[in-house]
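Read the structure below first, then the notes.
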Amino acid sequence: MLTFDKPVWKIAAESFFAAAGASALLTGYQWLLQKAGIGSGTNLSLALMSAAYLALFLLLFYFFFRQRAMIARVKKQMEEESLRDETTRLYKNRVFKELAGSQIRMCKRNNWPVGMVLFDIDRLGAINDKYGYDVGNQVLKHFAATVQATIRESDLVARLDDDRFGLLLPNCSAKDAKKVIQRIQEEILSHPLKADRGKVKIPFSCGVVSFAGKVAKYQHLLNRATEALETAKRKGGNRIELF
624 MLTFDKPVWK
634 IAAESFFAAA
644 GASALLTGYQ
654 WLLQKAGIGS
664 GTNLSLALMS
674 AAYLALFLLL
684 FYFFFRQRAM
694 IARVKKQMEE
704 ESLRDETTRL
714 YKNRVFKELA
724 GSQIRMCKRN
734 NWPVGMVLFD
744 IDRLGAINDK
754 YGYDVGNQVL
764 KHFAATVQAT
774 IRESDLVARL
784 DDDRFGLLLP
794 NCSAKDAKKV
804 IQRIQEEILS
814 HPLKADRGKV
824 KIPFSCGVVS
834 FAGKVAKYQH
844 LLNRATEALE
854 TAKRKGGNRI
864 ELF
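The opening residue of the sequence shown carries number 624 in the numbering used here; numbering runs sequentially from there.
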């Protein structure tokens with residue numbers, strides 16, 4: 624198990640024992656040379672010992688930097704894991720809020736329209752009851768993968784809650800945002816999830832909001848998209864509702 628924040632005394636102890644071990648090894652090496660009658664001359668002895676020291680410390684430095692690089696990679700991976708939802712591999716709610724806020728400010732500076740969409744998978748609980756939670760998780764993964772494959776690289780998608788997803792569309796008007804959702808809807812309908820007990824349809828509702836020019840803050844967009852989504856749910860679900 625890798626640890627990233629070792630106490631100072633542990634680092635000092637490890638350094639001491641490494642130095643002691645290196646000294647013992649080199650002393651033994653020198654004794655063997657003298658025993659074999661090699662390097663009896665002062666210059667030759669110094670040259671051999673210098674070469675041995677150089678080789679040993681190059682090896683130690685190699686292993687040290689390799690370990691540091693490995694630790695850095697593991698830390699980066701752990702940090703990335705903490706940002707993403709375990710099931711869908713999408714960003715988590717808090718990450719979406721931070722990144723979306725930054726994107727909205729960029730749109731405001733450039734006087735671009737920005738759209739926000741909230742998705743809610745209809746009757747996910749019923750799917751879990753009928754097919755089991757494993758299939759329910761597959762539904763979430765399938766939905767997330769379909770959205771990711773349909774949107775632009777500059778768009779931002781995240782899993783906000785159990786069955787709720789958020790999508791931010793920079794430089795996208797309400798009309799264009801609706802087209803994006805319709806493409807996602809077509810993909811979901813034409814490619815249902817294939818489970819052991821047959822194909823599973825994934826109906827979903829969504830609320831869409833878009834502001835042009837002096838766009839509002841993140842919370843303002845979220846509130847309007849939430850209101851539109853709730854309207855879609857009240858009307859029976861499986862529909863797109865624009866604010």
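For each residue, glycine too, the CB sits at the ideal point set by N, CA and C.
If you draw a straight line from the C-alpha of residue i to the C-alpha of residue j, how long is it?
i      : j      : result
Ser725 : Gln808 : 28 Å
Val936 : Leu706 : Beyond the ends of the chain as shown, which are 624 and 866, falls residue 936; an answer cannot be given.
Lys858 : Leu852 : 10 Å
Arg775 : Ala781 : 14 Å
Leu722 : Asn794 : 15 Å
Asn760 : Thr773 : 20 Å
Tyr754 : Lys764 : 15 Å
Lys715 : Gly821 : 30 Å
Ala797 : Asp743 : 19 Å
Lys856 : Met729 : 32 Å
Ile811 : Asp784 : 20 Å
Tyr841 : Ile727 : 7 Å
Ser813 : Leu790 : 21 Å
Glu709 : Tyr756 : 15 Å
Can you give me the Cβ contacts of residue i inside the same chain, cut-off strictly under 6 Å, excluding the 5 residues immediately before and after it?
i      : result
Thr854 : Glu864
Asp778 : Leu792
Ala848 : Met739, Leu741, Gly830, Val832
Lys817 : none
Starting from residue i, trace the alpha helix (DSSP H) in both directions and tell me its first and last residue.
i      : result
Ile868 : The shown model of the chain, from 624 to 866, leaves out residue 868, and the question about it has no answer.
Thr748 : Contrary to the premise, residue 748 reads as Gly rather than Thr in this sequence. That run of the alpha helix (DSSP H) goes 747-754.
Glu853 : 841-857
Out of the options, state which residue places its alpha-carbon closest to the alpha-carbon of residue i.
i      : options                        : result
Ala800 : Val832, Thr849, Arg707         : Val832
Leu844 : Leu792, Leu763, Leu812, Thr773 : Leu792
Thr711 : Ala767, Arg732, Gly830         : Ala767
Leu747 : Val758, Lys802, Gly738, Val740 : Val758
Lys802 : Gly738, Ala749, Asn734         : Gly738
Ile750 : Asn846, Val740, Asp786         : Asp786
Pro736 : Ala839, Asn846, Phe866, Val762 : Ala839
Lys731 : Phe834, Asp819, Lys720, Asp752 : Phe834
Which residues mark the beginning and the end of the beta strand (DSSP E) in which residue i is found?
i      : result
Leu790 : 787-793
Less than 7 Å between C-beta atoms, sequence neighbours within five positions excluded: which residues of the same chain meet that for residue i?
i      : result
Asp745 : Pro826, Phe827, Ser828, Gly860, Asn861
Lys824 : Pro815
Helix, strand or coil, according to DSSP, for residue i in the structure here?
i      : result
Glu709 : coil
Ser725 : helix
Arg732 : helix
Phe866 : coil
Ser796 : coil
Leu625 : In this prediction, Leu625 scores a pLDDT of 41, lower than 50, which makes its location untrustworthy; the coordinate-derived value is nonetheless stated afterwards. Coil.
Val835 : In the sequence as displayed, the identity of residue 835 is Ala instead of Val. Coil, per DSSP.
Arg820 : coil
Asp757 : helix
Leu783 : coil
Lys715 : coil
Ile774 : coil
Val631 : For Val631, the pLDDT reaches just 48, beneath the cut-off of 50, and the residue's location in the model is therefore unreliable, although a value from the coordinates is still provided. In the structure shown, Val631 sits in a helix (DSSP, three-state: H, G or I).
Does the distance between the C-beta of residue i and the nearest non-hydrogen atom of the ligand SAM fall short of 7 Å?
i      : result
Leu706 : With respect to small molecules bound, the structure shown includes none, and the ligand SAM cannot be examined in it.
Within a Cβ cutoff of 8 Å, which residues of the same chain sit near residue i, ignoring the five residues on either side of it in sequence?
i      : result
Leu713 : Arg707, Ala767, Gln771, Val780, Ala781, Arg782, Phe788
Thr769 : Ile807, Glu810, Ile811, His814
Ile804 : Val740, Cys829, Val831, Ile863
Taking only beta-carbon atoms, is residue i less than 8 Å away from chain C?
i      : result
Cys829 : Included in the structure is just one protein chain, with no chain C present.
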